[in-house]
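Undergrad:
In the working numbering, the protein residues as written are 1138 to 1693.
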């Protein structure tokens, strides 16, 4: 395993669940000031006026030192990062940028999209321009945001070289690891400075440059398994988006493209994040009961606050789940977490990721529903006073959501497959969504899901064959393989999925495939022990493994 990655055992030392201390603001159900009787951090109460220099990344307590301007949300350097490194990143920058464009981008994408990749459209040209300004032109006023984007791409490229020693270069894997660390340090320093000093005048950076840099940093953190950093960057991206992006009277095409990138990273990332504190307080239950009264099921005003994926926003007759109905332009442009599953003709997800917005929205809806139900199940076990009306409302929405997911999967299965890699991966993702719903929400026995596991195995095999025909390296997203693999209960199914995961990891060296393998093996071990003992309690799943290991397997 590459040295930059975190192992499950090392992750247990510092709980990622502590990151949720930054996500407990007062409006979990949009009910006004502090309905849950929490003491929210002032900078989380509203995005308006948020100071990025006020938050600590890995604070070990729940209090923030507001008079310490050095505390910021973006990840701080660890003690291991502060040592002096003799390697200079810039001499390798032209080679690294070309390697990133020619080799890394194709392996980072969930689907093979060639020249349409947002990395090629936005990040690479911006990085090349920043490099030329920094070197050839000797410019003195390059923003920290632009430099953060440049160094984030250099870090991604160097990490890829360090993780794939078979790539022929004049330097060793150890050398590229040093370059990776140095580039990451520089990128962190510049994004910290940008969020501290370039949000407002007189040194205000362009909004798209800042969001582009944070997305680049998120991509690097995901590649090398730095899950705490990834969590921080995603939260910072949302703050920045709400503060500077959604407040604009007109959102440009480039900004919209970046918003789509953020949404993909956040929703797919949140789908496998199960480290929330799901224990509900009495005030939580009281607020939940009040919010789900029949006369309260109306469309609420737009909420500018941060989103924790721990709440539902009910609408009259669950109209937001009418996936065949249109969504108006204003709602769509501000629906950054796709809480409304209606169709929007102007969506860009098909162009960027080769995936319908409906699929991504149903993943978001399922994640929210699962998180809420986890809290409500605890409330029932602890005899909290949950109203029958509120529970019935959630139950009806669960049934409606299941119908939408199954209809989406069936309609996709009926469509003629064009034989492209994208069509096969989309079918795998669709079947995986059905499994994801039944695992997180219905908590069914894996035996019920084996037909969908088979569909994913076939789709992934067809995907690989199609990649070979079009000479695309892949490997594609590991999300469907992970979701299916953790439910496979026969040796043949497990071996088929493990072969695909190991093949994908060998292609790119990214930690996502290592994490998928680790969690699947542990889940299978626990499931086999459970089945051998013929116990009548719930069978172990990947959710329990991730919680015990304090692990966030990220596949976006």
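No residue lacks a Cβ here, since even glycine has one placed at the ideal position from N, Cα and C.
Hey, how far is the Cα of residue 1300 from the Cα of residue 1322?
TA: Cα-Cα distance, rounded: 19 angstroms.
Undergrad: Ordered along the chain, which non-local residues of its own chain (more than five positions away) have a Cβ less than 8 angstroms from that of residue 1542?
TA: So the list reads 1499, 1503, 1570, 1571, 1574, once near-sequence residues are dropped.
Undergrad: State the Cα-Cα distance for the pair residue 1631 and residue 1646, rounded to the nearest angstrom.
TA: Cα-Cα distance, rounded: 21 angstroms.
Undergrad: Looking at the structure shown, is residue 1502 part of a helix, part of a strand, or coil, going by DSSP?
TA: Looking at residue 1502 - three-state DSSP - the assignment turns out to be helix.
Undergrad: In this structure, does DSSP put residue 1386 in helix, strand or coil?
TA: It is coil, neither helix nor strand.
Undergrad: For the alpha helix (DSSP H) containing residue 1491, name the first residue and the last one.
TA: Where residue 1491 is concerned, there is no enclosing alpha helix (DSSP H), given that its DSSP letter is neither H nor E.
Undergrad: Give the DSSP bridge partners of residue 1463, in chain order.
TA: Residue 1463 is bridged to 1480.
Undergrad: Might you give, ordered along the chain, the residues of its own chain that have their beta carbon closer than 7 angstroms to the beta carbon of residue 1600, omitting 5 neighbours on each side?
TA: Counting only Cβ-Cβ distances below 7 angstroms, and skipping sequence neighbours, we find 1558, 1561, 1562, 1565, 1613.
Undergrad: Which of the three DSSP states is assigned to residue 1628 in this structure?
TA: In this structure, residue 1628 counts as helix in the three-state DSSP scheme.
Undergrad: For the 8 angstroms Cβ check, are there 3 or more pairs between the stretch 1281–1290 and the stretch 1336–1349?
TA: Output reads yes: the stretch 1336–1349 touches the stretch 1281–1290.
Undergrad: Roughly how many whole angstroms lie between the Cα atoms of residue 1369 and residue 1391?
TA: Distance between the alpha carbons of residue 1369 and residue 1391 is about 23 angstroms.
Undergrad: Can you give me the Cβ contacts of residue 1446 inside the same chain, cut-off strictly under 7 angstroms, excluding the 5 residues immediately before and after it?
TA: The answer, listed in chain order, is 1407, 1504, 1505, 1508.
Undergrad: Among 1418, 1663, 1329, whose alpha-carbon lies nearest the alpha-carbon of residue 1517?
TA: Comparing Cα positions, the closest option is 1418.
Undergrad: Quick one: which unbroken alpha helix (DSSP H) runs of 4-plus residues sit fully inside the stretch 1556–1580? Chain order, please.
TA: Within the stretch 1556–1580, the complete alpha helix (DSSP H) runs of at least 4 residues are 1558–1574.
Undergrad: Mind checking whether residue 1296 and residue 1357 have CB atoms under 8 angstroms apart?
TA: Closer than 8 angstroms, so yes.
Undergrad: Near residue 1377, which residues of its chain fall below 7 angstroms by C-beta distance, leaving aside the five closest residues on each side in sequence?
TA: Same-chain partners within the cutoff: 1347, 1348, 1351.
Undergrad: Can you give the Cα-Cα distance for residue 1245 and residue 1674, rounded to whole angstroms?
TA: Using only the alpha carbons, I get a separation of about 39 angstroms.
Undergrad: If you compare alpha carbons, which of 1262, 1320, 1626 is closest to residue 1225?
TA: Out of 1262, 1320, 1626, 1320 has the C-alpha closest to the C-alpha of residue 1225.
Undergrad: Could you check the C-alpha separation between residue 1665 and residue 1671 for me, to the nearest Å?
TA: Taking the straight line joining both Cα atoms gives about 10 angstroms.
Undergrad: Got a sec? Which residues, its chain only, sit under 6 angstroms from residue 1469 by beta carbon, not counting five neighbours each side?
TA: Excluding residues within five positions, the ones whose Cβ falls inside 6 angstroms are 1481.
Undergrad: Let me check understanding here. Comparing Cα to Cα, which of 1492, 1620, 1589, 1549 lies closest to residue 1250?
TA: Nearest C-alpha to residue 1250: 1492.
Undergrad: Taking C-beta to C-beta, are residue 1394 and residue 1485 nearer than 8 angstroms?
TA: Yes, the pair counts as a contact, with Cβ atoms nearer than the cut-off.
Undergrad: What did DSSP end up calling residue 1583 once you bin it into helix, strand or coil?
TA: Three-state result, residue 1583: helix.
Undergrad: Kindly indicate which three-state DSSP category residue 1293 falls into: helix, strand or coil?
TA: Here residue 1293 sits in helix by DSSP.
Undergrad: Measure how close the beta-carbons of residue 1663 and residue 1690 come, nearest whole angstrom, since I'm counting them as under 8 angstroms.
TA: About 16 angstroms separates the two Cβ atoms, so there is no contact after all.
Undergrad: Restricting to Cα atoms, I'd like to know which of 1616, 1363, 1243 is closest to residue 1607.
TA: Ranking 1616, 1363, 1243 by Cα distance to residue 1607 puts 1243 first.
Undergrad: Could you give the distance in angstroms between the alpha-carbon of residue 1205 and the alpha-carbon of residue 1523?
TA: Annotation note: pLDDT 35 at residue 1205 (below 50); position unreliable, no value reported.
Undergrad: According to DSSP, is residue 1688 part of a helix, a strand, or is it coil?
TA: In this structure, residue 1688 counts as coil in the three-state DSSP scheme.
Undergrad: For residue 1597, count the other beta carbons within 10 Å of its own beta carbon; 16 or more makes it buried, fewer makes it exposed. Which is it?
TA: The residue in question, residue 1597, is buried, as its Cβ has 16 or more Cβ neighbours within 10 Å.
Undergrad: If you follow the alpha helix (DSSP H) that residue 1545 is in, where does it begin and where does it stop?
TA: Its alpha helix (DSSP H) spans residues 1525–1551.
Undergrad: Measure the C-alpha to C-alpha separation of residue 1539 and residue 1325 and round it to an integer number of angstroms.
TA: About 41 angstroms.
Undergrad: CB-CB under 7 angstroms to residue 1432, same chain, minus the five flanking residues each way: which ones, in chain order?
TA: Low per-residue confidence applies at residue 1432: pLDDT is 47, beneath 50, and the placement is therefore not dependable, though the value from the model is reported in the following sentence. Hits under 7 angstroms: none found.
Undergrad: Quick check: what's the CA-CA separation for residue 1621 versus residue 1649?
TA: Approximately 15 angstroms between the Cα atoms of the pair.
Undergrad: Just how far apart, CA to CA, sit residue 1594 and residue 1633?
TA: Taking the straight line joining both Cα atoms gives about 7 angstroms.
Undergrad: Could you tell me which whole alpha helix (DSSP H) segments of length 4 or greater appear in the stretch 1260–1337?
TA: Those alpha helix (DSSP H) runs which fall completely within the stretch 1260–1337 and span 4+ residues are 1261–1271, 1281–1300, 1310–1334.
Undergrad: Beta carbon of residue 1120, beta carbon of residue 1405: below 8 angstroms?
TA: Residue 1120 cannot be examined here, being either before or after the span of the chain that is shown, 1138 to 1693.
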